[in-house]
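Under the numbering used here, residues 21 to 207 are what the sequence shown spells out, in order.
We treat Cβ as the ideally placed atom computed from N, Cα and C, and that holds for glycine.
Working notes, beginning with the structure itself.
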Amino acid sequence: GEDQRQHMELCRDLAQRFNHQFSETFVVPDAYVGETGSRIMSLADPTRKMSKSDENERATLYILDEPGQIGKKIASAVTDSEAVIRASPEKPGVSNLLAIHSALSGQTIVQLEEHFAGKGYGVLKEELTEVITESLRPVREKYQELIQDKTYLSSVLAQGAEAAQKRAYKILSKVYRKIGLPDRNRG
């Protein structure tokens, strides 16, 4: 998301400087921040970013939330008293719900505003609950399947660690060689 841009810029800067001084070694990463849904706001306080560390458990949606939990959180999400469904800086709660819907359904904010014209917040919240629930269902089901197979998980972790270690050693050896240090990875 947008809040990670500074970290990406630091990585880009370090990779470019090293590559310039010692030749192409590191891939220079590119940041991608989608236009819609790149910054989802708190359901309880839509002026703040949604955060897993929020003390209010209804402020944040989690990937593994059960459908009932999702429904309760969306039902209690902050809106306003105007009862008109449109995105606007003056309507941060409604704008946030529309942004979440748009990010998951692929519909534009304008399409959603047209779809919900003349309808109340209850309709928006019901439909959004369904969109979120169905979007997260495959992930939740796969998690439940995988978490039961400890042997498989251990195997995947071991294979991933081995592959990461080989790749890291290869790059680190190249870095050592280019900056003139002895390669400590060759033991």
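For residue i: DSSP bridge partner residues
i, result
"Lys69", "Met61"
Of the residues the options, the one placed nearest residue i, counting alpha carbons only
i, options, result
"Val151", "Arg25, Pro87 and Ser62", "Pro87"
"Ile209", "Arg37, Arg25 and Cys31", "Absent from the structure is residue 209, since the part of the chain shown begins at 21 and ends at 207."
"Arg160", "Leu84, Ala35 and Ser43", "Leu84"
"Ser43", "Tyr163, Leu34 and Gln185", "Leu34"
"Ala51", "His40, Gln41 and Met28", "Met28"
Own chain residues within Cβ distance below 8 Å of residue i, not counting five before or after
i, result
"Ala95", "Lys145 and Thr149"
"Lys194", "Thr45"
"Pro11", "Examination of residue 11 is not possible in this model, given that the chain is present from 21 through 207 alone."
"Gly91", "Thr149 and Thr153"
"Ile191", "Thr45 and Phe46"
"Lys69", "Asp23, Arg59, Ile60, Met61 and Ser62"
"Ala210", "No answer is possible for residue 210: it lies beyond the span of the chain, which begins at 21 and ends at 207."
"Asp169", "none"
"Lys139", "Ile105"
"Ala15", "One cannot answer for residue 15 here, as it falls past the ends of the chain, which runs 21 to 207."
Residue i classed as buried or exposed, judged by whether at least 16 other C-beta atoms fall within 10 angstroms
i, result
"Ala79", "buried"
"Ala119", "buried"
"Val114", "buried"
"Lys93", "buried"
Cβ-Cβ separation, residue j to residue i (assumed contact under 8 Å), whole Å
i, j, result
"Ile167", "Tyr141", "Not really, about 36 Å apart at Cβ, beyond 8 Å."
"Thr67", "Pro112", "6 Å"
"Val48", "Arg25", "Not really, about 15 Å apart at Cβ, beyond 8 Å."
heavy atom of the ligand NAD below 6 Å from residue i C-beta
i, result
"Ile152", "You won't find the ligand NAD in this model; it holds no ligand whatsoever."
Contacts around residue i, its chain only, beta-carbon distance under 6 Å, and the 5 residues preceding and following it disregarded
i, result
"Ser155", "Leu124"
"Ala107", "Ser115, Leu118 and Ile129"
"Ser182", "The question names Ser, but residue 182 is Glu in the sequence shown. Contacts found: none."
Close-in-space but distant-in-sequence residues of the same chain around residue i (CB under 7 Å, 5 per side omitted)
i, result
"Glu165", "none"
"Tyr163", "Leu84"
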